[in-house]
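Okay, so here's the structure we're looking at.
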Amino acid sequence: MSRLNSLISNITSGRVYIQTHNFPDPDAISSAFGMQYLLKVHGIDAIICYKGQIDRHNTRKMMELFDIKAVNVDRLGALPPDSQVILIDAQKNSGNVYDLSCDKVISVDHHPTVQSYDYLYSDIREKVGACASIIASYYFENGIEMPVEIATALLYGIKVDTAQLTRGVNALDLEMFTKMFFMANVKHMNELESSTIEIEDLQAYGNAISTIELEGPISFANTGRDCPEALIAEIADFMVAIKDVCMSVVYSVRTEGIKISIRTDKKSGCNAGQIIVEALEGIGTGGGHERMAGGYIPLRNRIESIDEVVVIFRDNFHRALARHMQNKNTA
Ligand SMILES: [Mn+2]
Numbered sequence: 374m375s376r377l378n379s380l381i382s383n384i385t386s387g388r389v390y391i392q393t394h395n396f397p398d399p400d401a402i403s404s405a406f407g408m409q410y411l412l413k414v415h416g417i418d419a420i421i422c423y424k425g426q427i428d429r430h431n432t433r434k435m436m437e438l439f440d441i442k443a444v445n446v447d448r449l450g451a452l453p454p455d456s457q458v459i460l461i462d463a464q465k466n467s468g469n470v471y472d473l474s475c476d477k478v479i480s481v482d483h484h485p486t487v488q489s490y491d492y493l494y495s496d497i498r499e500k501v502g503a504c505a506s507i508i509a510s511y512y513f514e515n516g517i518e519m520p521v522e523i524a525t526a527l528l529y530g531i532k533v534d535t536a537q538l539t540r541g542v543n544a545l546d547l548e549m550f551t552k553m554f555f556m557a558n559v560k561h562m563n564e565l566e567s568s569t570i571e572i573e574d575l576q577a578y579g580n581a582i583s584t585i586e587l588e589g590p591i592s593f594a595n596t597g598r599d600c601p602e603a604l605i606a607e608i609a610d611f612m613v614a615i616k617d618v619c620m621s622v623v624y625s626v627r628t629e630g631i632k633i634s635i636r637t638d639k640k641s642g643c644n645a646g647q648i649i650v651e652a653l654e655g656i657g658t659g660g661g662h663e664r665m666a667g668g669y670i671p672l673r674n675r676i677e678s679i680d681e682v683v684v685i686f687r688d689n690f691h692r693a694l695a696r697h698m699q700n701k702n703t704a
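Heads up: the sequence shown runs through residues 374 to 704, numbered per the numbering used here.
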């Protein structure tokens, strides 16, 4: 039985929700959109939902171009008892996905597992650069015709998550990219790619540039308060491209906590996901891939000032990094 058919055979009853990680990005939304259509082909209606906001222009633009409907979980109310949830680009207990309090869960994802869970069905492939590649493969493996708007959305999801095929790409990403490249709507793709920065974003870029500090090959920068999550990540991407920087750490302070994004380049020899897990142990939660990772430090119940918490997390980073390098050298 194909992976898709195994997944479908585990959908038995009730209402089906396709839930992305919080503050969904183009990979999460395109994958959810692709999954919704696959279910529809099998006679199953599903609602796409997410927690947080769609806070980036390119994600909103994609939803508008392809008429993708997604509901904020805050507006869902309590789920009917026989509901099923398909997590897309997300895993239960991963720290960046809201718990819908439903135990019949399926996951299709490409993030490293932080905490395992007894899923009805899961297809979790850490080595794949974009969740969109996994969803695309379900179409080709099962001979399901892919509508042009789904091809365009999934192709864009792959482009964004792999930084234009430069980050974490594996054979499946390349195969799906090649297959969908000539299927996608060029005009829509251009619209998505030609306006990815909003004028308000420049304030956060400006803050990060003026606060950047280099500690050897690591850069630390502060975007200022309440910066959208995906923008913190974009700025981290921007800063890891600086010559001599092989790990960029960018953060933003909110009322309830500090959001952090880190990026490493190939020459760093460091695994961003492992380092952030270690660095935030005991003070917050984090996780991610080798080259991209994120984390959060809640300020609740902390007696230190924000500045002091920032110092603590920077210290932790250095310790985690030093340990990591030592383990690598002795391995
Ligand atoms: Mn993704």
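We put the CB at the ideal spot given by N, CA and C, even for glycine. As the structure is a prediction and not an experimental result, all values here were calculated from the model.
- In this structure, Tyr423 places its C-beta atom within 8 Å of the C-beta atom of Val446.
- CA-CA distance, Asn378 to Asn580, rounds to 49 Å.
- By DSSP's assignment, Leu460 forms a beta bridge with Gln392 and Ser480.
- For Cys504, the uninterrupted alpha helix (DSSP H) run begins and ends at Cys504 to Glu514, by DSSP.
- Contact between Leu473 and Val458 holds, with the beta-carbon distance rounding to 5 Å and staying under 8 Å.
- Under the three-state reduction of DSSP, Met556 is assigned to coil, being neither helix nor strand.
- Ranked by Cα distance from Arg687, the first of Asp398, Ser568 and Val622 is Val622.
- DSSP places Lys632 within a strand segment (E or B) once states are collapsed to three.
- In the three-state reduction of the DSSP assignment, Asp496 falls in the strand class.
- An exposed status is given to Thr628, since fewer than 16 other beta-carbon atoms sit within 10 Å of its beta-carbon.
- As the crow flies, the alpha-carbon of Val521 is around 45 Å from that of Leu694.
- With the rule of 3 Cβ pairs closer than 8 Å, the region 630-648 counts as touching the region 604-617.
- The Cβ neighbour count for Ser495, taken over all protein chains shown within 10 Å, is at least 16; the residue is labelled buried.
- Counting only the Cα atoms, Pro453 lies some 22 Å from Ala463.
- Ranked by Cα distance from Asn543, the first of Ile523, Lys500 and Lys413 is Lys500.
- The residues Glu522 and Ala526, in chain order, have a CB closer than 6 Å to that of Phe439 in the same chain once the five nearest residues on each side in sequence are set aside.
- Of the residues assessed, Lys560 falls on the exposed side of the cut-off, its CB having fewer than 16 other CB atoms within 10 angstroms.
- Annotation for Ala401 indicates a beta carbon within 7 Å of some heavy atom of ligand 1.
- Ranked by Cα distance from Pro485, the options Gln699, Leu528 and Met665 are led by Met665.
- Annotation: the continuous beta strand (DSSP E) that includes Ala443 extends over Ala443 to Asn445.
- By alpha-carbon distance to Phe555, the top candidate from Val533, Tyr529 and Asp574 is Tyr529.
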